[in-house]
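Below you'll find the structure, written out as structure tokens, and then a few comments.
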Amino acid sequence: MIVSADLARLAPSEKAAMIYAEAHGDVANRLWRAALGGDTGDVGNRQASITGLRTAEPAGFDIDSLMSLLAPRSSAPSAPPSAADDSTAPASTAPCVVGATEPGKLGGLGPNGRFGGALEAAARRTGIPAAALAAIVDAEAAKGCDGSWKTNSRNPRSSAAGLGQFLGATWQGEAERAGTWLHGIAMRQGWLSSDGHVLPGARSALLALRYDAATAINATADYAHRSVTLLKKAGIAIGEDITTVARAAYLGHHLGTADAVRFLKGGLGSGRAKLLLHAQVGSAAASRRIASVGDAANAHRSWLLDYIDRHVTPTRFAV
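Residue numbers (the numbering used here): 4 to 322.
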């Protein structure tokens, strides 16, 4: 929400940028909801697309053409819990220091400005916009009272940890996947066997790196790139808008690519949705939501779309 008192203190160019960001976020939210069959869109004729509009929309209408009307003239275009026991300590006990954080040029980071440099470097390396990466981390990491991201974030209901809230098994998989930032570290540290798997004795040190900010940000970028690529291969039309790219990547990050494809192409099965909802909000809250909606699939879908609408907002961080 734009507060009039805040606008009064801004220069004209800053006012225009803020109004544009708010308008962009509002329209992107409505298009995102419509594309996924949310409250603002027609639920019929559903297609496997995040940004695609249905036949009820005017021909040739898309978010880019609409945003061009709103953009300031002076601005440039713009998982279920793991059974693994990975009770590792924060990064201060890790055997090696692999990254550093420093301020960058991203906007809206506030107390998280020290992570800007790592976000921008990861964006350049993977092609995922820095603002999209910031939005994913902002949605995943636990925060201090001032909104600062906690590098030692832990999920009490799963093995998820660090700024990217990676499960132990997923983090290990990224270390074994050739071409990733984590794979490079694992290779240099001698943590991989001759067949490319993490050595048992190296697993603890590897998992501890989830608490290293630069490593977590780069792993988030690698996984986001993988998610977007696989979603496109599965026939999901993502487009280039920063909000839909961020939300597509977040769905892959949050659900895993296979479940993200199912979610976007028609929804998860009731059993799977119930398991995921219980893992995310706890048994009592999940049961209440399922009872109020009538079934687990719709309860999970409603919760996840609402969470994404409120928390995955890359326009907050766009320059």
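Where is the CB? At the ideal position from N, CA and C, for every residue including glycine.
Check, Outcome
"Those residues which DSSP pairs with arginine 157 across a bridge", "Ala164"
"Min CB distance isoleucine 311 to chain D below 8 angstroms", "Absent from the structure is chain D; it holds one protein chain and no more."
"Residue range of the unbroken alpha helix (DSSP H) whose run includes valine 248", "245–258"
"For leucine 185 and threonine 218, believed in contact at Cβ under 8 angstroms, the rounded distance", "7 angstroms"
"Alanine 240 (DSSP reduced to helix, strand or coil)", "strand"
"Cβ-based burial, alanine 300 [other Cβ within 10 Å; buried from 16]", "buried"
"Status (buried if at least 16 other CB within 10 Å, exposed otherwise) for serine 162", "buried"
"Expected contact under 8 angstroms - CB spacing of glycine 165 and serine 156 to nearest Å", "6 angstroms"
"Rounded separation between alanine 125 and alanine 222 - CA only", "9 angstroms"
"Tyrosine 253 vs isoleucine 131 beta-carbon contact at 8 angstroms", "no"
"Helix, strand or coil at tryptophan 184 according to DSSP, with G and I counted as helix", "helix"
"CA nearest to the CA of serine 197, picked from Arg304, Glu179, Glu243 and Leu234", "Glu179"
"Same chain only: Cβ atoms within 6 angstroms of leucine 112, ignoring 5 sequence neighbours per side", "Gly119"
"Spatial distance of arginine 291 from arginine 128 (CA atoms)", "43 angstroms"
"For tryptophan 152: DSSP bridge partner residues", "Lys146"
"Spatial distance of alanine 134 from serine 273 (CA atoms)", "33 angstroms"
"Residues near glutamine 175 by beta carbon distance below 6 angstroms, same chain, minus five either side", "Val201"
"The region 236–250 contacting the region 204–212, beta-carbon criterion three pairs below 8 angstroms", "no"
"Environment of lysine 277 [buried if 16+ CB atoms lie within 10 Å]", "buried"
"Beta-carbon gap between alanine 216 and leucine 234 smaller than 8 angstroms", "no"
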